[in-house]
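Here the sequence shown is numbered in this note's numbering, starting from 161 and rising by one per residue.
Some notes on the structure that comes next.
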Amino acid sequence: MPGYPERGETEPTKPAPSKRDDQRQPSAERSRNTLVFGVVALAWLAFDTLTKSFFNGHSLGEVIAGPFLGLVRFRLVHNTGAAWGMFGDSTFLLGVLSIAVCLVLVAYLFFLSPRPSLVEVVGVALVVAGGLGNAFDRFTLGYVVDFIEPVFIDFPVFNVADIGVTCGFVLFVAGMILAYRRADREAAALDETSRDVSEPDDGEGPRER
């Protein structure tokens with residue numbers, strides 16, 4: 161009958177999907193990543209801005225609260241450089257550098273990474289929020305508002321933006337590792353499928369009529 165293979169004939173096999181098609185990010189996944197990135201980045205940036213606004217209303221150098229459990233206290237510091245006083249009075253250059261790093265990470269996440277994991281998305285969102293928060297301080301105030309001071313070790317005073325950058329970077333690296341492992345597993349499964357499709361059947365070949 162038309163549309164059905166004759167007895168002894170084999171149906172033509174469909175080509176297996178390529179690795180390029182398999183690794184392409186689906187539109188639904190891209191939309192989810194964009195939403196998660198926007199929510200996390202805006203929420204952390206707002207939290208950073210509110211805390212800086214509150215603590216910057218106190219006197220410079222004033223111990224506002226603490227120490228808590230002998231770990232940290234709140235003390236207002238204006239930082240014109242980087243951690244441990246490095247690059248002092250280079251606040252504008254550091255702000256430009258922060259913006260550049262944020263742009264590179266966003267470009268990687270949405271244009272270069274084929275299928276970023278959710279952990280990567282959250283990590284980049286935190287880094288971008290922290291970088292933009294500190295850059296905004298540098299451009300508008302000429303310094304960064306720091307207020308979280310560890311008291312049990314010799315460590316620079318930091319802020320919510322710094323927490324976002326540090327934790328976000330850790331999540332970003334962990335997410336990249338998870339994404340590469342997932343890609344390796346999918347590639348191995350795709351290779352196995354391709355071999356199964358390309359191998360001839362062990363059954364009888366076409367019979368003569």
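Ideal placement from N, C-alpha and C gives every residue a C-beta, glycine not left out.
Everything numeric in this text was worked out from a predicted model, so none of it was measured.
Task: Identity of the residues DSSP links to P310 by a beta bridge - done: V232
Open item on the list: Closest to A225 by C-alpha separation, out of A334, F332, P310, would be which residue?
Closed with: P310
Open item on the list: Among T353, L257, N294, A289, whose alpha-carbon lies nearest the alpha-carbon of N239?
Closed with: N294
- [ ] Assign P177 to one of two classes, buried (16 or more other C-beta atoms within 10 Å of its C-beta) or exposed (fewer than that).
- [x] Confidence is the limiting factor: at P177 the pLDDT is only 46, short of 50, which leaves the residue's position unreliable, though a coordinate-based value still follows. P177 comes out exposed.
Task: Residue-level contact to chain B via CB, T353, 9 Å cutoff - done: Looking at the structure shown, chain B is missing, and only one protein chain is on hand.
TODO: Rank E280, F312, W204 by C-alpha distance to the C-alpha of M137 and give the top, closest one.
DONE: With the chain represented from 161 up to 369, any question about residue 137 goes unanswered, as that position is not in the structure.
- [ ] Compute the Euclidean distance between the alpha carbons of L231 and F312, then round it to the nearest angstrom.
- [x] 6 Å
Task: V320 vs K212 beta-carbon contact at 9 Å - done: yes
TODO: Would you be able to state if there are at least three C-beta pairs under 8 Å between the region 343 to 351 and the region 283 to 293?
DONE: no
TODO: Quick one: residues in its chain with C-beta nearer than 7 Å to the C-beta of L278, no 5 flanking neighbours on either side, listed in chain order?
DONE: V196
Task: Residue(s) in a DSSP beta bridge with V122 - done: The question about residue 122 has no answer here: the residues shown for the chain are numbered 161 through 369.
Open item on the list: Would G328 and A267 be called neighbours here (beta carbons separated by less than 9 Å)?
Closed with: no
Task: Sequence-distant residues of the same chain with beta carbon closer than 8 Å to S219, five excluded per side - done: L236
Task: Beta-carbon proximity of F215 to V305, cut-off 9 Å - done: V305 sits close to F215, with the two beta carbons spaced by under 9 Å.
TODO: Leaving aside the five residues before and after D181 along the sequence, list all residues of the same chain whose C-beta is less than 6 Å from its C-beta, in chain order.
DONE: With a pLDDT of 44 at D181, under the threshold of 50, the modelled position of this residue cannot be trusted; read the value that follows with caution. Short of 6 Å from the beta carbon of D181, and not among the five residues preceding or following it, lies no beta carbon of its own chain.
TODO: State the beta-bridge partners of F318 as determined by DSSP.
DONE: DSSP lists I308 as partners of F318.
Task: For F228 and A188, the rounded distance between their alpha carbons - done: Their Cα atoms are separated by approximately 45 Å.
Task: Segment limits, alpha helix (DSSP H) that includes F252 - done: 251 to 267
- [ ] Could you check the C-alpha separation between P276 and V330 for me, to the nearest Å?
- [x] 15 Å
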